[in-house]
Each structure stands twice: as C-alpha cells, then as structure tokens.
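Residue numbers (full-length UniProt numbering): 1 to 470. One structure is given below, encoded as structure tokens.
This is the structure we're talking about:
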C-alpha cells in the first residue's frame, strides 16, 4: 500500500504540512508569549512611572495595598524593603525583585509560584519608612518600623504585574493548536489522497487497458482523458507507441508471409523436378535438371540476400563506409552494362556531373535496381539522366513500357509488391528490388518516387543531397 504513488504523495504532503504547522505553532506561541510579556511589561512601566512621580512629588502613596495582579516594592540601596505590598516582604520575593535591573527591560520573575513581569527605577527620593532586609526570616517579615528614620535619596522602586491572565490566554492558544494541528494534518492528508486518487484514476484506467492488451492483438488503444495535462499526453504517446507496434507487427507478419510465399515457389519447383527425376530418370535430362536447380537456387539466393540487405540497412543505417560518390560515373557504368546485354537501347545524353555522400556499394546497388526495373519493363529503350537542382542531385530513369498506375506509384516501393503485369516470377524478380532502393535512399538522406515518363512508361526519380568537391 505504501508503495503506491497515492500513499506516498499523501504521506509526503501530510508530513510537510505537519512539520510546517508544528514549526509555525511553536513560533506563534513564542511570539504570542513575547507579545503578552511586552504588553504587560508596558503596563507595568506606566505604573512604575506613575508611582515614581507621586513619590518624587512627596504625595502620600499606599504601596502596601494588596493586589493579586500587581506587586509594588520600594527597596533601599542595601536591599531592605522600605515599603510595599505584602508579597514583596517575603524574602524570596524581595530577592527576586532585587534582581530586576533598574531602567532595563522588563524581567519575568516568580513570586509565590506565580509569574510576574517586573520593571524597576532607581534614584527615587522618599522618606525612609523603616523596613527589613532581604535576609530576614519569614517570622520577622512583619517587623517594619513605622517611625521615620530619615530621608532616602537613592531608593529603588519595583513594580511587577501578574501574567496569570496572559498565561491563561497562551495556554488556551496552545491547547487550540494542539487540537487543530492534527485535525489540519488529517484534513490535508484526506484532501491529498482524494485529489491524487482522482488525478491518477486515468492512469489506472490506462494500466488496466494496457494489461489487457496481448502481444497477439495490438489493435486496442488506451483511453485518452480530456484533462489537458501530462496524463493526457502520456495516453496519446502510449497510443502512438501502440500504433507503431501494431503497424510493425502487421508489417512483420506480412513480411514473413510474403517471404514464405516467395521461397515456397522455387522450393516447390525444385521438389517437383527432383521427384520427377527420381521417378522417371529417363524423362528429365540432366542438363535441364541442372539448369532448373541453378535458376531456382539463384532466385532463392537473390531473395535471401535481398532480405539480409534490408535487415542490415535497418540495423546499420547509412552503411559501413560513407564517402563522396560520383553519381554520374555510377550511371554511366550501369549504361555500359545494359548496352552489353543488348536487351534495350540506352540514352545517356542527359547525364551531367554530380557528387553525393554515401556508401558507394549501397548507392551503386540502388542505381542498379532501378535500372534493372526499367530494363525489365521497357519495350525497346530506357533513358538515364542526372542533374543538380538547388543542391540536390536528381536522377531520372525512364522506360517506354506500360508504366505504373497512379494508385500503385507509392506501393511499388513496399516489400514483395508486384503489379499485375509483372506477376510472373521471370518478369517480376523477387519483389524486393525497389524496396531496397527506398531503404538505401532513405538512409542516405534522399527520396525516391515513381511517376509517368515522357517515353510513355514509368519514371523512377532519386533525389540525394549533392556535395561540392573536386
């Protein structure tokens, strides 16, 4: 369960929010405490100024008035209590109040177990009203001599305001935070779980659909949610991948079927001749049997070599070596070969100089294949031409045959494709020649196309990037 994206996202979000809320709560309580201490300290400072002014003016002030929320203490320079609330007459209380720095910041002290914010001011002139020192025992705390003993010029006045109400407010705030933080964390976890679950619902649907797609049937597609986000993009990408796999599988099946069909025919011929020769040795001349075996073996060899070449082109790309190739020399060499056979006339007047980059053997194979195709379908002549147009070497191979129907002009470059006219194995070859041309030209950065020829037959056009050079 914890390995799911939903669970991890929920835990991560809850943890981040929990840490943030805890840190924020601690900071809030600290700031709140500081704020209430400063507020109470400010009020104590005002009371201190008021008492000090009254004492300086000689106004009679009753500092011993009991107030649970405020303690006023007048201390001599020796630490004895000159006057003040009953609470400050306690030795521990007076000792705590004596630690308050006159004129300094407010100081938090403890008196009778309660917290107070105390401020002090020294240099207060008052009449000495008698008192006890900080070291007196508790039994002597009430022994204050009420008789005047003289004038005191450097008394210290301390005013302490209670923090009980402020502490109660901080405690309530702390309690609320202790309750609210877990609730907020749980709420965030719930919302995160719901939101992530809804966001991942299309992913789960995609997963279930993909899980149901078998290797034997790749026609199904995953649902594409209209969410306009990465999940929709993922679904589109996966469907595109499935389309490519499906197309590749169909192509592979068709290829295997076509290859099996092509190889079955010569094998059937060989088997038939061998069976006849075995059953009736006198009816099958040895020369005829040898010629048939040689022809059908050559045909099978051509098919196998063509298949191997297509496989190597798929694996290696442009070829084993890439260099500058004089395409005009390749065309002229093919023209000589065709002329030597004497099957058709060859027109080479349209050949100009052009140089391309590629594997010389592969480019020669491509040119030979389209020339052989033209010779195979020509009535009496073919024409070879080459020129450079806008940095592209353009090769035209024309024949005066019956041409290629417009509907079949792109299909002729597929594997094992023969047009109706060339169904016979003798005329049609292996059906791989133009497929090899298309592969070689593609890996060389060019294109190949079929069109109508000015001679009345078919025109095959190769376009390859031309290069400059001697």
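Note that beta-carbon positions come from the ideal geometry of N, C-alpha and C, so glycine has one too.
Next on the checklist: According to DSSP, simplified to helix, strand and coil, what is residue 369?
Outcome noted: Taking the chain shown and counting its residues from 1, the one referred to as residue 369 is at position 369. DSSP places residue 369 in helix when its eight states are reduced to three.
Does the Cβ of residue 19 have 16 or more other Cβ atoms within 10 Å, making it buried, or fewer, making it exposed? As a working mapping, residue 19 is identified with position 19 in the chain shown. So residue 19 ends up on the exposed side.
Inter-residue CB distance, residue 434 and residue 373 (contact presumed, cutoff 8 Å): Counting from one through the chain shown, the residue named residue 434 turns up at place 434. Counting from one through the chain shown, the residue named residue 373 turns up at place 373. Residue 373 and residue 434 do touch by the CB rule: their CB atoms are close to 6 Å apart, below 8 Å.
Cβ-Cβ separation, residue 440 to residue 393 (assumed contact under 8 Å), whole Å:
On the chain shown, residue 393 is found 393 positions in, with the first residue counted as 1. On the chain shown, residue 440 is found 440 positions in, with the first residue counted as 1. In fact, because the Cβ distance is near 14 Å, the residues do not count as touching under 8 Å.
query = Buried or exposed: where does residue 26 fall if 16 or more other Cβ atoms within 10 Å of its Cβ makes it buried?
reply = The residue you call residue 26 lines up with position 26 of the chain shown. Exposed is the call here.
| request: In angstroms with no decimal places, state the Cα-to-Cα distance between residue 382 and residue 400. | output: The residue given as residue 382 occupies position 382 in the chain shown. The residue given as residue 400 occupies position 400 in the chain shown. As the crow flies, the alpha-carbon of residue 382 is around 7 Å from that of residue 400.
Of the residues 24, 56 and 70, the one placed nearest residue 110, counting alpha carbons only: For the purposes of this step, residue 110 is taken as residue 110 along the chain shown, with counting starting at 1. Nearest option by C-alpha distance: 70.
inquiry  = My output table needs one value for residue 162: the three-state DSSP class, helix, strand or coil.
reply    = The residue labelled residue 162 in the question sits at position 162 within the chain shown. Strand, per DSSP.
Would you mind giving the Cβ-Cβ distance between residue 55 and residue 184, rounded to the nearest angstrom? I have them listed as a contact below 8 Å. One-based indexing of the chain shown puts residue 55 at position 55. One-based indexing of the chain shown puts residue 184 at position 184. In fact, because the Cβ distance is near 53 Å, the residues do not count as touching under 8 Å.
Quick check on residue 397: buried or exposed, where buried means 16 or more other Cβ atoms within 10 Å of its Cβ? Locating residue 397 in the chain shown gives position 397, counting from the first residue. Around the Cβ of residue 397, a 10 Å sphere holds 16 or more other Cβ atoms; the residue is buried.
**Message:** When you compare the CB positions of residue 466 and residue 356, do they come within less than 7 Å of one another, or not?
**Reply:** Translated into the one-based positions of the chain shown, residue 466 becomes position 466. Translated into the one-based positions of the chain shown, residue 356 becomes position 356. At the C-beta level, residue 466 and residue 356 come within 7 Å of one another.
Classify residue 167 as helix, strand or coil using the three-state DSSP reduction.
Position 167 of the chain shown, counted from the first residue, corresponds to residue 167. Residue state for residue 167 is assigned as helix, using DSSP reduced to three classes.
Handout entry: Where the beta strand (DSSP E) through residue 39 begins and ends
Key = Position 39 of the chain shown, counted from the start, is the residue given in the question as residue 39. From DSSP, residue 39 is part of no beta strand (DSSP E) but of the alpha helix (DSSP H) over 5-56.
TODO: Report the three-state DSSP secondary structure of residue 116 (helix, strand or coil).
DONE: Taking the first residue of the chain shown as position 1, residue 116 is located at position 116. Residue 116: strand per DSSP, three-state reduction.
*asked:* Measuring only the C-alpha atoms, how far is residue 204 from residue 256?
replied: For the purposes of this step, residue 204 is taken as the residue at position 204 of the chain shown. For the purposes of this step, residue 256 is taken as the residue at position 256 of the chain shown. If you draw a straight line from the Cα of residue 204 to the Cα of residue 256, it is about 36 Å long.
ask   = Just checking, does the segment 32-40 make contact with the segment 186-193 on the three C-beta pairs under 8 Å criterion?
value = The count of Cβ pairs closer than 8 Å, one atom from the segment 32-40 and one from the segment 186-193, stays below three, leaving the stretches out of contact.
#### Entry: Host alpha helix (DSSP H) of residue 474 (start-end)
Residue coverage of the chain in this structure runs from 1 to 470, which leaves residue 474 outside it and unanswerable.
Q. Run through DSSP, which three-state label would residue 121 get?
A. Here residue 121 refers to the residue found at position 121 of the chain shown. Residue state, collapsed to three classes: strand.
Exercise. Can you name the start and end residues of the beta strand (DSSP E) that residue 345 belongs to?
Worked result: Walking along the chain shown from the start, residue 345 turns up at place 345. Per DSSP, residue 345 belongs to the beta strand (DSSP E) from 345-351.
Determine which residues share a DSSP beta bridge with residue 328 and list them.
Here residue 328 refers to the residue found at position 328 when the chain shown is read from its first residue. None; residue 328 has no bridge partner.
Proximal residues to residue 353 (C-beta, below 6 Å), its chain only, five neighbours per side dropped: Position 353 of the chain shown holds residue 353. Taken in chain order, the residues that qualify are 328.
Cβ-Cβ separation, residue 351 to residue 384 (assumed contact under 8 Å), whole Å: To locate residue 384, count along the chain shown from 1; it is residue 384. To locate residue 351, count along the chain shown from 1; it is residue 351. In this structure residue 384 touches residue 351 by the C-beta definition: roughly 6 Å separates them, less than 8 Å.
Query raised in the report: Should residue 119 and residue 44 be called a contact, given that it needs their Cβ atoms to be closer than 7 Å?
Result: What you label residue 119 is simply residue 119 of the chain shown in a count that begins at 1. What you label residue 44 is simply residue 44 of the chain shown in a count that begins at 1. Yes. Within cutoff.
Taking all protein chains shown into account, do 16 or more other C-beta atoms lie within 10 angstroms of the C-beta of residue 23, making it buried, or fewer, making it exposed?
Taking the first residue of the chain shown as 1, we reach residue 23 at position 23. By the neighbour-count rule (16 or more Cβ atoms within 10 Å), residue 23 is not buried but exposed.
Let's see if you can read the secondary structure: which residues bound the beta strand (DSSP E) around residue 74?
Sequence index remark: in the chain shown, residue 74 carries index 74 (1-based). That run of the beta strand (DSSP E) goes 70-75.
| said: Once the 5 residues before and after residue 236 are set aside, which same chain residues still bring their CB inside 8 Å of it? | reply: For the purposes of this step, residue 236 is identified with residue 236 of the chain shown, where counting begins at 1. The beta carbon of residue 236 is closer than 8 Å to those of 224 in its chain, skipping five residues each way along the sequence.
| Mind checking residue 266: buried by the 16 CB within 10 Å criterion, or exposed? | Reading the chain shown from its first residue, position 266 is the one you call residue 266. Here residue 266 is buried. Its C-beta has 16 or more other C-beta atoms within 10 Å.
*Are residue 74 and residue 160 closer than 7 Å when you measure CB to CB?*
Position 74 of the chain shown holds residue 74. Position 160 of the chain shown holds residue 160. Between residue 74 and residue 160, the C-beta gap is not smaller than 7 Å, which leaves the two residues out of contact.
Neighbourhood of residue 200 by C-beta distance below 7 Å, restricted to the same chain and skipping five residues each side: For this step, residue 200 is matched to residue 200 along the chain shown. Closer than 7 Å at Cβ, skipping near neighbours: 5 and 6.
*Bridge partners of residue 109, per DSSP?*
What you label residue 109 is simply residue 109 of the chain shown in a count that begins at 1. Beta-bridge pairing links residue 109 to 116.
- Message: Checking the sheet assignment: what are the DSSP bridge partners for residue 465?
- Response: In the chain shown, counting from the first residue as 1, residue 465 sits at position 465. Looking at the DSSP output, residue 465 shares a beta bridge with 392.
Margin query: Whole angstroms are fine: how far does the CA of residue 31 sit from the CA of residue 88?
Written below: By 1-based counting over the chain shown, the position of residue 88 is 88. By 1-based counting over the chain shown, the position of residue 31 is 31. C-alpha separation (whole angstroms): 30 Å.
Worksheet item: If you follow the beta strand (DSSP E) that residue 452 is part of, which residue opens it and which one closes it?
Response: The residue given as residue 452 occupies position 452 in the chain shown. Residue 452: member of the beta strand (DSSP E) spanning 447-452, first to last residue.
Q.
Can you tell me which residues form a DSSP beta bridge with residue 382?
A. On the chain shown, residue 382 is found 382 positions in, with the first residue counted as 1. In the DSSP output, where bridge partners are listed per residue, residue 382 has 346 and 399.
### Query
Over what stretch of residues does the beta strand (DSSP E) that includes residue 455 continue unbroken?
Here residue 455 corresponds to residue number 455 of the chain shown, with the count starting at 1. According to the DSSP assignment, residue 455 belongs to no beta strand (DSSP E), since it is labelled neither H nor E.
Candidates 291, 452 and 269: closest to residue 407 by CA position:
As a position in the chain shown, residue 407 is number 407, starting the count at 1. The residue with the shortest Cα to Cα distance from residue 407 is 452.
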